[in-house]
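Just so we're aligned, residue 1193 is where the sequence shown starts under the numbering used here, counting upward by one. Backbone N, C-alpha and C define an ideal beta-carbon position, used for all residues, glycine too.
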Amino acid sequence: RGEKPFHLPYPYADSFSHGLAEVRSVTGKSGFINKKGKLVIDTAFRNVEKFISGTCVVTGLSHRPHPDDGEEVKLEIGVIDSLGKFIIPYGKYEDIQSLHNGHFMVEIPAEKSDTLGYSARTGFANKKGELVFSRDHKERNWISGQLCDGLAKMMLHKTPYDENIVSSESIYEGFVNLKGEIVVNDTNYNYVNNYSEERAFVRLKDDNYVVIDTHGKLITEERFSDVVGVGFENGLAIVQQNGKYGWIDCNGKFIMPPTFLGLERVQGDSGHFFFYNDGFDKEFSRVYGIVRTDGVILFEAIMDGYDQAGFQNGLLRCFINNKPTYLNEQGQVVWQGSLSKPKSNLNIDYLNRGHFYAYSKPNKKDLGGYGRSSNYPSKISKENKFPAKSLSITVQPELTDTIPGGYNGITVYVANTRRKKIDFNAQDSRLYMVVEAKNTMGVWQEIEYLPSSWCGNSYHTVTLDAGYSWKFVTPIYEGDYHTSLRIKLDYIDPRDRSKSRRSRKEITVYSNEFDGNVNPGQFWRRPEYYPSGIMDPYNN
């Protein structure tokens, strides 16, 4: 009826999931309320993850697994159930990842007397919090990925190990099972993807990929120069040979030989791929077509863009000649509108999803996957007047542009004027970078959020070399509340040499402030999110 069910005395609240919603106090502490607005899990945490199968990873206010010199180590990370009771208490682990395939990936700290960290362990705990197995980090070997098909990635070193000689030539990857046994151990495997449908792609020394089964045996002698996404989904994997893309089945046989310049997969759509056969034109756009997974071209490449959710209720929303269009699954145009309306500002009443995507060459030593983005770094020219000897975010409201959907935007630059490269944690090429606005109390608060993914391959790093910059476009928001805005970005502390990527400290930088408008709902309301299919790795 449009009535408020209860008063919400918190500046931030997430959407409900399984009857609970995260709330955050004015002091930044998180807890959970039920659908009656009652606080059922106290606001006692610095951070809470999403509930998965009745479990939630929580971080305490004093969690410091890698403190500065002279400070005491404090381990305040654990797992609670939907009643707020601890399944895994504080003090046991220095890091815990959310439940995935029935297990928590955990990091066990090294003994206090161990200055090299060899006694540190990585392992997996079950839903009851019981440790199933763990392996230490001796010889610089450690688990580096979630369990998929009962196997987890491991970072391995060739023996004998020499701590004075650490290079990419001495590192390779394999897999460990739930008994803690290394079951795939081949020094020719420089990099391995997580298993999917009992198949994994591994990258050899010559940078080509091959396919193996869960015993480490080759499925086919075919070699591929690239693999799209996690590998196999719905029995098919998109691969590249000789500069063109096609797809293979789980036996390594080509269903569609390499034909297309590019192929894209929509999560949850098991019947279609989207292709293009030309590069970027002068306006940095390309046109797309649709091909069925049996190889039949459904629609030639004339779409300017398409809805990343794919076909919904049998229809695909797209743009053809800048006109909004709907196609059915037979490739027929069922409706087409007139030319797009004049551009307007983005008027929403909820937190926007993070949208700052950036590309760098894949890091062969990265412990995760890597994402794709067409936002390539550019060399900084003399005309660019970025702050010297720093990593900076510069918002230039006078340089207007357009974001996907035809809304107005303004230009943002992230520039590295230091002498060394800078690494960033990323999620499918999305930087940990969001817009903040001052709320009615004058406190900076995020009006954009970063979604969570259960897939280990979503998480990776991107690098911005010295003397280079990325260009972004951020929306111009429309709203009733006039305020100040800024952009926040996290990057990896170059001084932190921790082995685990997730354990490395991050440094936060902020952009210049700029004027804008927002709606009140942008401070607290997250939109409902429904995964587009079983292979959609995002929870929100």
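Sequence-distant residues of its chain with Cβ nearer than 8 Å to residue i (five each side left out)
i: M1633; result: P1203, V1218
i: A1618; result: A1550, G1563, Y1624, Y1651, H1652, T1653, V1654
i: L1253; result: K1221, A1236, F1237, R1238, E1268
i: A1205; result: A1213, E1214, V1215, R1216, I1225, W1716, R1717
i: Q1637; result: P1203, Y1204, E1628, A1629, K1630, N1631, F1715
i: G1502; result: V1458, Q1459, G1460, D1461, H1464, L1508, S1724
i: D1685; result: R1696, K1697, E1698, I1699
i: Y1673; result: T1632, N1709, V1710, N1711, P1712
i: V1635; result: P1203, V1218
8 Å Cβ cutoff met for residue i and residue j
i: G1523; j: C1510; result: no
i: K1350; j: Y1364; result: yes
i: R1391; j: Y1401; result: no
i: L1291; j: I1225; result: no
i: I1639; j: N1537; result: no
i: H1258; j: K1697; result: yes
i: Y1480; j: M1495; result: yes
i: G1270; j: V1298; result: no
i: R1545; j: Y1641; result: yes
i: V1403; j: G1444; result: yes
i: Y1605; j: S1661; result: yes
i: N1434; j: P1449; result: no
i: F1446; j: K1436; result: no
i: G1598; j: T1666; result: no
i: P1301; j: A1317; result: no
Helix, strand or coil at residue i [DSSP, three-state]
i: P1667; result: strand
i: Q1714; result: helix
i: R1678; result: strand
i: K1436; result: strand
i: E1286; result: coil
i: K1571; result: strand
i: K1330; result: helix
i: S1362; result: helix
i: S1645; result: strand
i: S1305; result: coil
i: S1650; result: helix
i: G1421; result: coil
i: P1203; result: coil
i: S1222; result: strand
i: K1448; result: For clarity, residue 1448 is Met in the given sequence; the question names Lys instead. Here M1448 sits in strand by DSSP.
i: K1397; result: coil
i: E1705; result: coil
i: C1510; result: strand
i: L1253; result: coil
Exposure of residue i, with buried meaning 16 or more beta-carbon neighbours within 10 Å
i: K1474; result: The pLDDT assigned to K1474 is 34, lower than 50, so where the model puts this residue is not dependable, and the model offers no usable value.
i: F1472; result: Here F1472 scores only 43 on pLDDT, less than 50, and its place in the model should not be relied on; the value that follows carries that caveat. That one is exposed.
i: L1275; result: exposed
i: P1569; result: buried
i: I1280; result: buried
i: T1594; result: exposed
i: I1489; result: exposed
i: E1264; result: exposed
i: Q1432; result: buried
i: A1429; result: buried
i: A1658; result: exposed
i: G1421; result: buried
Integer-rounded CB distance, given that residue j should sit under 8 Å from residue i
i: N1513; j: A1493; result: Actually they do not touch by this definition, with Cβ atoms about 13 Å apart.
i: L1323; j: N1333; result: The Cβ separation is near 18 Å, so there is no contact.
i: Q1714; j: I1540; result: 7 Å
i: V1587; j: I1699; result: Rounded, the Cβ-Cβ distance is 19 Å, inconsistent with contact.
i: K1535; j: T1603; result: With 8 Å as the limit, K1535 and T1603 do not qualify as a contact, their Cβ atoms being about 15 Å apart.
i: E1670; j: N1709; result: 6 Å
i: F1325; j: G1372; result: 4 Å
i: F1548; j: R1622; result: 7 Å
i: S1644; j: E1303; result: That pair is no contact at about 32 Å.
i: F1208; j: K1227; result: 6 Å
Cutoff 6 Å; reference residue i; Cβ partners in own chain excluding five residues on either side
i: I1614; result: L1583, N1608, L1656, Y1683
i: V1376; result: G1366, F1367, G1408
i: E1362; result: Checking the displayed sequence, the identity of residue 1362 turns out to be Ser instead of Glu. Excluding residues within five positions, the ones whose Cβ falls inside 6 Å are H1349, K1350.
i: L1681; result: I1585, M1625, V1701
i: H1199; result: none
i: R1256; result: K1266
Same chain, Cβ closer than 7 Å to residue i, neighbours up to 5 away in sequence not counted
i: V1525; result: T1517, L1519
i: F1424; result: S1388, E1389, R1391, C1442
i: N1369; result: G1342, L1343, V1375
i: I1411; result: R1391, V1403, I1404, D1405, N1443, G1444
i: S1417; result: N1400, Q1432, Q1433
i: F1476; result: In this prediction, F1476 has a pLDDT of 42, which is less than 50 and means its spatial position is unreliable; nothing more can be read from the coordinates.
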